[in-house]
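2 protein chains.
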Amino acid sequence: MSEPRRSIATVCLSGTLEDKLAAAAAAGFDGVEIFENDLIASAASPAEIGVRCRDLGLSVDLYQPFRDFEAVPPARLRDNLRRAERKFDVMEQLGADLVLVCSTVSPDAVDDDELAAEQLRTLAQRAEARGMRVAYEALAWGRFVNTYEHSWRIVRRADHPALGLCLDTFHVLSRDGDPALIRTIPGEKLFFLQLADAPQLDMDVLQWSRHHRLFPGQGSFDLATFAGNVLEAGYTGPLSLEVFNDVFRQADPKPAAVDAMRSLRMLEEQLGIPVAEPAPDLDGYAFTELVADPATATRLAEGLAALGFTETGEHRSKPVRRWEQGGARVLINTTASTSDTAEIGALAVESSDPLRSARRAEAMSSPILPRERGPQEAGLSSVAAPDGTGVFFCDTAAPDGWLSDFRDTATPGRGLGVTGIDHVSLTQPFDHFDEAALFCRSVLGLEPEEITEYAAPFGMVRNRGMVDATCSVRIALNGTLVRRGEWAPAVRDPQHIAFTCTGVIAAAEHLRASGAPVLSIPDNYYDDLDARFGLRPELLETLRRCSVLYDRDAGGEFLHLFTELFGSRVFLELVQRVDDYAGYGVANAPVRMAAHRRQRMTASGR
Amino acid sequence: MSEPRRSIATVCLSGTLEDKLAAAAAAGFDGVEIFENDLIASAASPAEIGVRCRDLGLSVDLYQPFRDFEAVPPARLRDNLRRAERKFDVMEQLGADLVLVCSTVSPDAVDDDELAAEQLRTLAQRAEARGMRVAYEALAWGRFVNTYEHSWRIVRRADHPALGLCLDTFHVLSRDGDPALIRTIPGEKLFFLQLADAPQLDMDVLQWSRHHRLFPGQGSFDLATFAGNVLEAGYTGPLSLEVFNDVFRQADPKPAAVDAMRSLRMLEEQLGIPVAEPAPDLDGYAFTELVADPATATRLAEGLAALGFTETGEHRSKPVRRWEQGGARVLINTTASTSDTAEIGALAVESSDPLRSARRAEAMSSPILPRERGPQEAGLSSVAAPDGTGVFFCDTAAPDGWLSDFRDTATPGRGLGVTGIDHVSLTQPFDHFDEAALFCRSVLGLEPEEITEYAAPFGMVRNRGMVDATCSVRIALNGTLVRRGEWAPAVRDPQHIAFTCTGVIAAAEHLRASGAPVLSIPDNYYDDLDARFGLRPELLETLRRCSVLYDRDAGGEFLHLFTELFGSRVFLELVQRVDDYAGYGVANAPVRMAAHRRQRMTASGR
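In order, the protein sequence lines correspond to chains A and X.
Start counting the first sequence at 1; every next residue gets the next number (the UniProt record's numbering).
Start counting the second sequence at 1; every next residue gets the next number (the UniProt record's numbering).
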């Protein structure tokens with residue numbers, strides 16, 4: 001199957017119509033659906049917008065929406081036909097030949113399929129006379145027509161070549177509709193396909209549709225099966241995104257359009273369209289790079305040393321030191337210029353084929369970052385995640401791999417039982433939470449876990465793990481449910497690296513003895529742990545003494561401890577998964593957040 | 001009836017437990033419900049928190065929540081009793097003697113009222129032995145017990161003096177429960193009353209409860225009837241707020257606690273408790289004050305002159321000029337120091353008793369602002385609305401009224417038909433939208449209209465009119481559904497004054513001829529108007545020529561025009577309500593917003 005044409009409804013993106021068209025074109029879309037209100041607010045005439053679209057390489061695939069047309073009394077029909085002719089005027093200027101007519105929600109309408117079909121046929125005749133066509137769509141909340149099967153019965157009854165169906169995945173799947181019957185509809189009657197995903201929510205379907213739609217792959221609908229049926233029926237139009245989402249509506253349209261394009265490419269891949277080479281298998285983290293100012297870097301180095309890491313190398317040309325322990329590697333880059341700064345600048349994964357990983361990333365709308373490097377240095381490819389973190393694809397064992405950029409200075413010591421990186425936790429910018437998950441999924445081949453929401457001291461937080469098939473790479477995405485305002489914790493957008501440790505309690509005892517900067521956890525937490533889990537008193541006292549936290553799920557137990565913050569947002573964690581514990585200790589996150597705030601408030605003398 | 005004790009659950013407010021207690025005390029609460037997770041994250045021991053509360057004048061009225069206790073197999077009962085004893089330890093230290101037990105949602109539990117009653121009696125015996133009591137609450141989503149009637153049957157069956165009911169308005173009213181039967185419950189069995197309002201939403205009740213509760217008077221529940229029944233039954237405990245709200249959870253707790261207190265006072269007033277003198281009748285706007293830098297003030301003055309206003313006076317001691325036209329008065333204050341600045345600094349309403357208005361404002365947690373004034377100046381009282389706008393209470397006709405602070409410099413000219421101020425439109429800070437409505441309601445005696453949501457070019461916006469009984473004072477509150485991020489329109493937080501005009505079209509023709517800074521509305525808007533309304537062609541062309549906008553509702557028609565922006569956020573509007581049009585032309589707001597952005601982008605040369 002060849003690549004289909006790709007469209008996006010202007011309503012998916014924020015800004016003026018001009019902003020939206022520019023963003024859609026820049027992201028590589030072939031066409032747009034023009035949402036009427038976007039045009040109405042524009043100072044450019046429809047003809048000028050048409051020219052603009054053609055200049056940008058965009059076709060105008062649909063004009064929408066035309067509401068409340070059919071099954072009305074004669075006087076109202078006359079008004080509606082007049083209204084339609086005015087819109088045909090606009091479409092003519094735009095260079096659009098397809099209009100979307102939504103099933104009526106009007107109190108004027110009657111429940112009469114024959115009347116609806118007759119009036120739609122009249123509309124189709126008018127359209128045909130002007131070289132246009134009408135795509136009739138069943139809204140999930142249509143007054144009488146709210147399933148695609150019903151809209152198809154009416155279109156079939158109207159039997160006019162200029163009248164066909166528009167299928168919108170949301171309207172069908174939100175009502176648990178069965179997309180299998182789509183295959184029975186003749187392809188030439190399928191005029192348009194609108195794609196939208198959504199999280200599974202138990203709420204009024206109109207509100208769900210207007211506020212919470214997502215791009216494909218960001219929600220829980222099976223769009224591949226749906227779109228597969230449509231293509232199998234013989235649909236030849238574009239794959240078009242129509243997503244109403246409160247966050248996207250106010251986010252920068254340029255990255256949002258890229259996100260949209262990525263979602264479409266991933267869907268196409270699921271449909272068997274060869275848009276990208278498959279994601280290579282991953283095998284854990286190669287390294288994580290922390291970027292800090294020199295003073296904070298010194299504290300980070302002391303912290304890593306306390307956790308049992310050894311400084312094992314220095315970069316041949318950059319102010320970067322390599323720290324290691326049992327397969328966990330951390331780079332400390334001291335190029336940050338603002339004091340009190342540390343952040344995760346990059347993470348690197350072991351890929352079975354780094355070049356293919358890079359090619360896939362480019363095909364998935366994540367271009368390889370330009371990178372300065374010395375003449376002898378390894379050709380590492382990296383892409384930027386939506387939060388700006390660099391993602392490298394590595395083959396550490398290769399002779400000319402990234403390690404050759406470092407001069408070895410020492411061999412790792414015995415350490416404290418750290419064997420690797422369990423996960424990297426990244427707080428995502430508010431506008432990019434769903435995009436981040438899609439990035440991990442499409443570019444890295446990670447699969448999303450369930451979203452967990454919890455009440456933290458400074459607002460609701462959500463957490464979503466992304467994990468590869470062998471659980472060798474986990475990324476924990478975090479974000480707030482409401483964009484942070486002025487009132488906020490001392491710690492904004494925290495990030496951390498969690499190291500796998502064979503014995504967190506033994507490590508914790510050692511850290512306690514050595515005076516390491518372990519985050520102090522309050523007694524109240526342990527009193528509650530006692531109430532909830534009834535742990536053995538000796539274990540409970542050890543946890544309390546060493547500030548080790550505890551969680552349990554159906555698969556097993558979780559022991560973990562946090563360091564204090566280095567700079568304003570970065571900390572480290574040691575974790576131990578006993579048996580098959582699958583989570584991230586999220587239940588303990590509010591306690592950790594309050595403790596980090598105490599650390600910062602104490603440090604700032606407040 | 002005397003003033004009851006007032007409590008607030010710590011979960012209503014953002015921050016650490018210490019932040020929350022401080023905010024609750026500062027707002028005047030008598031007690032708190034301590035939410036367990038707030039305590040667990042605190043480094044202060046329960047005993048220390050108990051001392052802190054007493055030092056702040058707060059009693060600990062409830063410890064909550066204790067979940068999934070009742071109707072379980074014997075082994076689980078032993079665990080649960082052990083867990084309860086640990087929590088009694090905590091309560092003892094806190095100085096709390098009442099624990100909230102929520103009806104079970106556990107898969108371990110069975111549907112057996114007798115077993116539930118027996119086990120709750122056992123728990124009550126344990127509590128009694130420690131001088132404590134248990135308040136049993138039916139969660140709306142309880143597995144077996146989800147109505148207060150059912151929880152009361154179980155409590156009655158358990159028949160223990162240390163076991164009573166906790167009633168939560170949300171859990172009853174979200175399920176359309178009938179609060180009338182509360183009157184049949186003996187007062188001594190009503191241990192606790194939790195108050196929460198909510199907007200009417202059609203969604204999963206647990207999600208509704210956890211994210212969307214509001215303070216009393218901010219939603220659509222009839223809390224007065226509910227609480228009245230509880231008091232009538234003989235309840236003597238505190239009126240306590242328990243509100244889970246995503247926005248309040250991340251907003252500054254100090255104003256949020258004041259908002260909470262105000263909501264409680266208004267509810268008490270509805271219950272017939274004499275907390276404040278009634279709101280005096282209002283009779284329109286006395287004036288609106290615009291604060292601008294001198295250059296922007298000059299442009300504003302030119303704009304007002306173009307709209308037919310006359311500069312009629314100057315303040316005796318301050319850089320403030322008075323402009324008038326047919327009962328509409330605008331003050332221009334030139335004390336702003338930042339260029340390109342104009343904002344609505346204050347609005348003033350005519351009160352039938354300004355001193356009583358001020359006393360009511362103070363009783364409703366809105367203290368009178370301190371104010372510098374000269375020895376001869378009128379004693380105007382003003383309070384601050386949640387967005388910082390000053391609100392003055394005036395009696396303009398009084399001999400020593402505010403007009404006496406001005407030296408008259410001219411008498412108003414003929415003007416363009418402006419007769420007064422129709423409404424003032426204020427964009428509210430994201431965290432304070434619901435608070436603003438409650439302020440208008442409780443302090444000014446305005447009633448809320450329906451919230452209208454609409455898609456604007458840069459995100460979803462909501463609009464809520466607040467209006468007095470005679471429609472003499474209207475305030476339009478605006479806000480975004482999602483807090484604005486970096487990507488945003490040129491116009492942030494727009495504000496405007498809408499003047500009533502007897503003939504907007506005639507005024508518009510005049511303005512066009514005079515070259516006034518009227519906001520230019522695009523042709524596309526008029527083409528759509530034509531399609532939608534089929535206006536007479538001459539009318540349509542006049543509207544188009546003069547950039548007059550049009551709307552229609554069940555009551556009548558609306559003609560309005562906007563000026564360009566003065567500074568970065570303020571503009572003016574002329575409005576004409578034909579017959580009984582009740583809205584604010586919100587349907588046209590997106591067109592206006594896009595046009596203002598064009599004005600700003602053009603001005604900045606982008």
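Note that beta-carbon positions come from the ideal geometry of N, C-alpha and C, so glycine has one too.
Rounded Cβ spacing between A/THR419 and A/THR500 (contact assumed at less than 8 Å):
Residue mapping note: residue 419 of chain A aligns to position 419 of the first sequence, counting from 1. Residue mapping note: residue 500 of chain A aligns to position 500 of the first sequence, counting from 1. Indeed they touch by this definition, with Cβ atoms about 5 Å apart.
For A/HIS423, the three-state DSSP class (helix, strand or coil):
The residue you call residue 423 of chain A lines up with position 423 of the first sequence. Residue state, collapsed to three classes: strand.
Where does A/PHE29 fall in DSSP's three states?
Taking the first residue of the first sequence as position 1, residue 29 of chain A is located at position 29. A/PHE29: coil per DSSP, three-state reduction.
For A/TYR526, three-class secondary structure by DSSP
Taking the first sequence and counting its residues from 1, one reaches residue 526 of chain A at position 526. Of the three classes helix, strand and coil, the one that applies to A/TYR526 here is helix, per DSSP.
Tell me the residue span of the alpha helix (DSSP H) that contains A/ILE90.
For the purposes of this step, residue 90 of chain A is taken as the residue at position 90 of the first sequence. One point to set straight first is that residue 90 of chain A is Val, not Ile, in the sequence displayed. That run of the alpha helix (DSSP H) goes 74-94.
A/ARG6 classed as buried or exposed, judged by whether at least 16 other C-beta atoms fall within 10 angstroms:
Residue 6 of chain A sits at position 6 when you count from the first residue of the first sequence. The residue in question, A/ARG6, is buried, as its Cβ has 16 or more Cβ neighbours within 10 Å.
With distance defined between alpha-carbon atoms, name the residue in A/ALA25, A/ALA24, A/ASN37, A/ASP30 nearest to X/PRO457.
Position 457 of the second sequence, counted from the first residue, corresponds to residue 457 of chain X. Taking only the C-alpha atoms, the option nearest X/PRO457 is A/ASN37.
Work out the CA separation of X/GLU486 and A/LEU341 for me, nearest whole Å.
The residue you call residue 341 of chain A lines up with position 341 of the first sequence. The residue you call residue 486 of chain X lines up with position 486 of the second sequence. For the record, residue 341 of chain A in the displayed sequence is Thr; it is not Leu. Answer to the nearest angstrom: the Cα atoms are 22 Å apart.
Under 7 Å Cβ to Cβ from X/ARG606, same chain only, skipping five residues before and after it: list those, please.
Here residue 606 of chain X corresponds to residue number 606 of the second sequence, with the count starting at 1. Any reading at X/ARG606 is ruled out, since the residue's pLDDT is 49, under 50, leaving its predicted position unreliable.
Nearest neighbour of A/MET132, chosen from A/SER209, A/GLU85, A/GLN119, A/MET266 [CA to CA]:
On the first sequence, residue 132 of chain A is found 132 positions in, with the first residue counted as 1. When each option's Cα is compared against that of A/MET132, the closest is A/GLU85.
Quick check: is the beta carbon of X/MET460 nearer than 8 Å to any beta carbon in chain A?
Within the second sequence, the letter at position 460 stands for residue 460 of chain X. Cβ-Cβ to chain A under 8 Å: yes for X/MET460.
Exposure of X/PRO216, with buried meaning 16 or more beta-carbon neighbours within 10 Å:
What you label residue 216 of chain X is simply residue 216 of the second sequence in a count that begins at 1. With 16 or more other Cβ atoms within 10 Å, it is buried.
CB contact check: X/ALA30 to chain A, cutoff 8 Å
Looking up residue 30 of chain X in the second sequence gives position 30. Here residue 30 of chain X turns out to be Asp, not Ala, going by the sequence shown. Answer no: the Cβ-Cβ gap between X/ASP30 and chain A never drops below 8 Å.
Which residues, in order along the stretch 314-340 of chain X, keep a beta-carbon less than 7 Å from a beta-carbon of chain A?
none
Is the number of C-beta pairs between the stretch 264-277 of chain X and the stretch 359-369 of chain X that are closer than 8 Å three or more?
yes
At least one CB of chain A closer than 8 Å to the CB of X/ASN524: is that the case?
Taking the first residue of the second sequence as position 1, residue 524 of chain X is located at position 524. Yes, X/ASN524 lies at the interface with chain A (some Cβ there is under 8 Å from its Cβ).
Given A/THR411, which residues of its chain have a CB within under 8 Å of its CB, disregarding the five upstream and five downstream residues?
Along the first sequence, read from residue 1 onward, the residue named residue 411 of chain A stands at position 411. Here the set comprises THR310, THR312.
If you measure from the beta carbon of A/PRO457 to each beta carbon in chain X, is any gap under 8 Å?
Working through the first sequence from its first residue, we reach residue 457 of chain A at position 457. Yes, A/PRO457 counts as interfacial toward chain X.
Where X/MET364 falls: helix, strand or coil (DSSP)
Working through the second sequence from its first residue, we reach residue 364 of chain X at position 364. Three-state result, X/MET364: coil.
Report the residue from A/SER174, A/ALA138, A/THR602, A/VAL134 whose alpha carbon sits nearest the alpha carbon of A/ALA162.
Residue mapping note: residue 162 of chain A aligns to position 162 of the first sequence, counting from 1. If we check each option's Cα against that of A/ALA162, A/VAL134 comes out closest.
Whole-angstrom distance between X/THR452 and X/THR122, CA atom to CA atom:
Here residue 122 of chain X corresponds to residue number 122 of the second sequence, with the count starting at 1. Here residue 452 of chain X corresponds to residue number 452 of the second sequence, with the count starting at 1. Each residue's alpha carbon lies about 51 Å from the other.
Does DSSP classify A/GLU269 as helix, strand or coil?
As a first step, residue 269 of chain A is located in the first sequence; it is residue number 269 there, counting from the start. If DSSP states are grouped into helix, strand and coil, A/GLU269 belongs with the helices.
Please classify X/PRO4: is it buried, with 16 or more other beta-carbons within 10 angstroms of its beta-carbon, or exposed?
Working through the second sequence from its first residue, we reach residue 4 of chain X at position 4. Buried: at least 16 other Cβ atoms inside 10 Å.
Cutting at 7 Å between CB atoms, please list the residues of its own chain near X/LEU94, excluding the five before and the five after it.
The residue you call residue 94 of chain X lines up with position 94 of the second sequence. Closer than 7 Å at Cβ, skipping near neighbours: ILE34, PRO46, ILE49, GLY50, VAL60, TYR63.
Local Cβ density within 10 Å of A/ALA22, reported as buried at 16 or more and exposed below that:
Looking up residue 22 of chain A in the first sequence gives position 22. With 16 or more other Cβ atoms within 10 Å, it is buried.
Rounded Cβ spacing between A/PHE192 and A/CYS166 (contact assumed at less than 8 Å)
In the first sequence, counting from the first residue as 1, residue 192 of chain A sits at position 192. In the first sequence, counting from the first residue as 1, residue 166 of chain A sits at position 166. Between A/CYS166 and A/PHE192 the Cβ distance is about 4 Å, and since that is below 8 Å, they are a contact.
Counting only Cβ pairs nearer than 7 Å, list the residues of chain A close to X/GLY534.
In the second sequence, residue 534 of chain X corresponds to position 534, counting from 1. By Cβ distance, chain A contributes ASP79, ARG82.
Spatially closest choice to A/PRO354 from A/ALA398, A/ASP97, A/LEU139, A/PHE430, by CA coordinates:
For this step, residue 354 of chain A is matched to residue 354 along the first sequence. Ranking A/ALA398, A/ASP97, A/LEU139, A/PHE430 by Cα distance to A/PRO354 puts A/ALA398 first.
Taking A/PRO179 as the reference, give the member of A/TRP208, A/GLY228, A/VAL424, A/GLY164 with the closest Cα.
As a position in the first sequence, residue 179 of chain A is number 179, starting the count at 1. Of A/TRP208, A/GLY228, A/VAL424, A/GLY164, the residue nearest in Cα terms is A/GLY228.
Pairing CB atoms from the stretch 238-248 of chain X with CB atoms from the stretch 280-299 of chain X, are three or more of them under 8 Å?
no
Using a threshold of 8 Å, state whether the C-beta atoms of X/PRO386 and X/HIS432 are closer than that.
For this step, residue 386 of chain X is matched to residue 386 along the second sequence. For this step, residue 432 of chain X is matched to residue 432 along the second sequence. It is a contact, given that the beta carbons lie within the stated cut-off.
So, under 8 Å CB-CB, A/GLY465 and A/THR427 are touching, yes? Tell me the CB distance rounded to an integer number of Å.
As a working mapping, residue 465 of chain A is identified with position 465 in the first sequence. As a working mapping, residue 427 of chain A is identified with position 427 in the first sequence. That belief does not hold up - the Cβ atoms of A/GLY465 and A/THR427 are roughly 14 Å apart, past 8 Å.
For the alpha helix (DSSP H) that contains X/VAL504, what are its first and last residues?
On the second sequence, residue 504 of chain X is found 504 positions in, with the first residue counted as 1. Per DSSP, X/VAL504 belongs to the alpha helix (DSSP H) from 504-514.
Against chain A, does X/GLY142 count as a neighbour if the rule is that its beta carbon must be under 8 Å from one of theirs?
Numbered from 1 along the second sequence, position 142 holds the residue referred to as residue 142 of chain X. No, no contact with chain A.
From A/GLY515, A/CYS546, A/LEU511, A/GLU128, residue whose alpha carbon lies closest to that of A/TYR526
Numbered from its first residue, the first sequence carries residue 526 of chain A at position 526. Of the candidates A/GLY515, A/CYS546, A/LEU511, A/GLU128, the one whose C-alpha sits nearest the C-alpha of A/TYR526 is A/CYS546.
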